Amino acid sequence: MKRYMKITVFVLMLLGLSNLYSQDVDIDESEILESLTDIDPEIKQYFPRWKVCEQDLMVQIYTAFVQMGYNKADLDMNNIQIMAAPREWGDVPYDILMISCGEPMPENSMNTVEIESTLSDFLLGVLSGEYYYTGELRGEVKPFASRDYCYEDIPVSLPLMDVQKDVVTNFLLRPSDAQQAITLSLFEQTVKIGETGFWLTSQLGNDDIGYHFWSAGEAKVMLQRPLYGNDDDATRRVIPFLINAHLGGAYKITSGIGDGNTLLSWVKGRTLNSDPGGKLIGGIDFHMPFHPQAGVTFNVEVPLKGLETQGIDEGAFGYMMMPEDQIVEFADGDPRALTSRITKVAPMLRTTGRFSLFYNWWIDKQKPENFIRFDFGVNYSEVVEMAYYRDDTLAVSFLSKDGITGLRTYKNSEAADYIFAKIEYSNQAAFPFGISAQISNQIFMGRLYIPLLSPWLYIEGKYATPLRDARPYEIENFFMISPVLRLTI
């Protein structure tokens, strides 16, 4: 009975296929043929491979590539590699799947169809070990198949564990190996939008200049969009896109001001404010096409409008009491001096930016558990003071810098202020963790994350402190810790 059922199913499948074939469908035969003969670069390393070092065979294979029309500039006769699939039956030990003349790349590799149509039966039989290559029996079938020419085996890689083969450049926050991903923490929230390559990100703070969490007085929302794909087989899985652009905006927050009664009362409060008019954020990450592990990154935050005199709510802005060495007052003849007195200043974080070179390095590419990233470049930041005063007649508090003397502007003034340097290490084995150290704006910032309930729950900590004398609005020894929920599909 089971046999009749199998026959019935088989007949129905044939009828379905014939019905599909009869429809008016534009079929590209070359694409079908390529899909049947191409090999996923991720699994190539698990097939038996060897280099040919027999001079006569090297010449014959190189000549076959030239006759097929391959570009001589892409070929290398001294680096001929063969990839094969072992047989468990018959006298032929291997089926030849691919032959490359030079580093195995699409532009210098033959697939199975090209091999069978180009190489002679004798040459193919010799390479696979079916025919004798030397001696009186040259060209005859061997009773026990083996390769009797000069060759050098390439070690077959062991299959990688999931946590190893899914290595990415930003393991915790942006796992590019997942189709969909969500990461939630107090520092940052990210969402990967399917397989589009788009990332939606919400961040608290400005890590580029060392002001993490609420110490910067700002939060931002950004959309990252891929602009150009990576065609390099060796790096495409880890770095799917060579160019990524991001665009978004930053906005002022009130967190960190007078939060003594909240759950985060143990975290130091702040006085720095983001620009009240908001900022436009833009940037780009560019990986070098000839070496995708290296590239440049650029990011800038620009205020949308100038600082204007404005009425404010009490407690909505961080401020500093007037330092003893600073005199801030209304200009001579300013009518506000009759009803108001300046006793406070509110620092505003204005334009910031970074331009840096980066390099991604895996210590062992065959077992890419250990990943290190280097960044080096320049950064810029600007903080402008505004006078914080209250008009007793109107019973309203104001912020202003127009017509007021003695206000300070803090920005890069010496070479050390411009230096941006960062090194990041992550281990993505059975116990994924990461650590980084950064110097920017003459502020040291360290970061560490470790798993609590791997692979979905982590804990992350950040610490920052100025390496120079702290400016009035800066927080010395600022530390914050957060759980991180990481979900991937």
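Numbering that gives the first Met the number 0 puts the first residue of the sequence shown at 0, with every later residue one more than the last.
Don't be surprised by glycine CBs; every beta carbon is placed ideally from N, CA and C.
Keep in mind it's a predicted model, so treat the numbers as computed, not measured.
- Item | Nearest residue (CA-CA) to Glu217, options Leu171, Thr351, Asn110 | When each option's Cα is compared against that of Glu217, the closest is Thr351.
- Backbone secondary structure at Glu413 - three-state DSSP: Looking at Glu413 - three-state DSSP - the assignment turns out to be coil, as it is neither helix nor strand.
- Same chain, Cβ closer than 7 angstroms to Met287, neighbours up to 5 away in sequence not counted: Leaving aside the five residues that flank Met287 on each side, the residues in its chain whose CB is nearer than 7 angstroms to its CB run, in chain order, Ala293, Gly294.
- Message: Looking only at its chain, what residues have a beta carbon closer than 6 angstroms to the beta carbon of Phe297, apart from the 5 residues adjacent to it on each side?
- Response: The beta carbon of Phe297 sits closer than 6 angstroms to those of Gly282, Ile283, Phe354, all from its chain and outside the five residues before and after it, given in chain order.
- Task: With a 10 Å radius around its C-beta and 16 neighbouring C-beta atoms as the bar for buried, classify His549 as buried or exposed.
- Result: Any answer about residue 549 is impossible in this case: the structure gives the chain only from 0 up to 488.
- Task: Ignore the nearest five residues each way along the sequence and tell me which others in His290's own chain have a CB closer than 8 angstroms to its CB.
- Result: Excluding sequence positions up to five before and after His290, its CB lies less than 8 angstroms from no other CB in the same chain.
- Message: Using a 10 Å radius around the Cβ and a threshold of 16 neighbouring Cβ atoms, would you call Ser116 buried or exposed?
- Response: Counting the other CB atoms within 10 Å of its CB gives Ser116 a total below 16, which places it among the exposed residues.
- Span separating the alpha-carbon of Ala330 from that of Leu337: Cα to Cα, Ala330 sits roughly 12 angstroms from Leu337.
- Task: Please name the residue in Ile60, Pro92, Tyr69 whose C-alpha comes closest to that of Gln80.
- Result: The residue from Ile60, Pro92, Tyr69 with its alpha-carbon nearest to that of Gln80 is Ile60.
- Message: Taking the alpha helix (DSSP H) that Glu113 belongs to, which residues open and close that run?
- Response: According to the DSSP assignment, Glu113 belongs to the alpha helix (DSSP H) that extends over 111-117.
- Message: Between which residues of its own chain and Gln178 is the CB-CB distance below 6 angstroms, once the five residues before and five after are set aside?
- Response: Only Glu194, Ile488 meet the Cβ criterion.
- Look at the alpha carbon of Gln66 and the alpha carbon of Phe46, and state the distance between them as a whole number of angstroms. Gln66 and Phe46 have their C-alpha atoms some 27 angstroms from each other.
- Which residues DSSP lists as bridging Cys149, in chain order: According to DSSP, which records beta bridges pairwise, Cys149 is partnered with nothing at all.
- Query: If you follow the beta strand (DSSP E) that Met221 is part of, which residue opens it and which one closes it?
  - Reply: Per DSSP, the unbroken beta strand (DSSP E) holding Met221 starts and ends at 217-228.
- Query: Is it the case that the Cβ atoms of Thr253 and Tyr318 are separated by a distance below 8 angstroms?
  - Reply: No, these two residues do not count as a Cβ contact at 8 angstroms.
- Where DSSP assigns a beta bridge to Asp324, which residues make up the other side? Secondary-structure assignment with DSSP links Asp324 through no beta bridge to anything.
- Taking the Cβ atom as the reference point for each residue, do Ser127 and Ile153 lie within a distance shorter than 8 angstroms? Ile153 is positioned such that its CB atom lies no closer than 8 angstroms to that of Ser127.
- Item | Pairwise C-alpha distance: Glu113 and Asp416 | Distance between the alpha carbons of Asp416 and Glu113 is about 59 angstroms.
- In the DSSP assignment, find the unbroken beta strand (DSSP E) run with Tyr131 in it and report its ends. Here Tyr131 belongs to no beta strand (DSSP E), and DSSP marks it neither H nor E.
- Task: Using the DSSP secondary-structure output, state which residues sit across from Ala436 in a beta bridge.
- Result: Ala436 is bridged to Ile422, Gly445.
- Item | Alpha-carbon to alpha-carbon, Asp231 and Cys52 | A direct Cα-Cα distance of roughly 27 angstroms separates Cys52 from Asp231.
- Run through DSSP, which three-state label would Trp568 get? Only positions 0 to 488 of the chain appear in this structure, which leaves residue 568 out of reach.
- Residue environment, Asp161, which counts as buried when at least 16 other CB atoms sit within 10 Å: In this prediction, Asp161 scores a pLDDT of 42, lower than 50, which makes its location untrustworthy; the coordinate-derived value is nonetheless stated afterwards. Result: exposed.
- Query: Which ranges would you report for the beta strand (DSSP E) in the region 269-324 if only whole runs of at least 3 residues count?
  - Reply: Listed in chain order, they are 278-287, 290-302, 309-311.
- Assign Ala180 to one of three DSSP states: helix, strand, or coil. DSSP places Ala180 within a strand segment (E or B) once states are collapsed to three.
- Task: Look up Gly247 in the DSSP assignment and say whether it is helix, strand or coil.
- Result: In the three-state scheme derived from DSSP, where H, G and I count as helix and E and B as strand, Gly247 is classed as strand.
- Item | 8 angstroms contact criterion, which Thr464 and Phe397 should meet: CB distance rounded | A Cβ-Cβ separation of about 33 angstroms leaves Thr464 out of contact with Phe397 under the 8 angstroms criterion.
- Query: Is DSSP giving Val382 helix, strand or coil here?
  - Reply: Reduced to three states, the DSSP call for Val382 is strand.
- Query: With Ile438 and Leu447 assumed to form a contact (beta carbons below 8 angstroms), what rounded beta-carbon distance in angstroms separates them?
  - Reply: In fact, because the Cβ distance is near 17 angstroms, the residues do not count as touching under 8 angstroms.
- State the Cα-Cα distance for the pair Lys410 and Val301, rounded to the nearest angstrom. Whole-angstrom Cα-Cα distance: 14 angstroms.
- Continuous beta strand (DSSP E) stretch holding Asp55: start and end: Asp55 -> not in any beta strand (DSSP E); alpha helix (DSSP H) instead, spanning 54-66.
- Determine the direct distance from the alpha carbon of Trp265 to that of Ala469, and round the result to whole angstroms. Spanning the two alpha carbons is a distance of roughly 21 angstroms.
- Taking the continuous beta strand (DSSP E) assigned at Gly204, which residues delimit it? Start and end: 197-205.
- Please state if the CB of Ile341 and the CB of Glu328 are separated by a distance shorter than 8 angstroms. Cβ atoms of Glu328 and Ile341: closer than 8 angstroms.
- Query: For Tyr69, is the classification buried or exposed, using 16 other Cβ atoms within 10 angstroms of its Cβ as the cut-off for buried?
  - Reply: Flag for Tyr69 reads buried.
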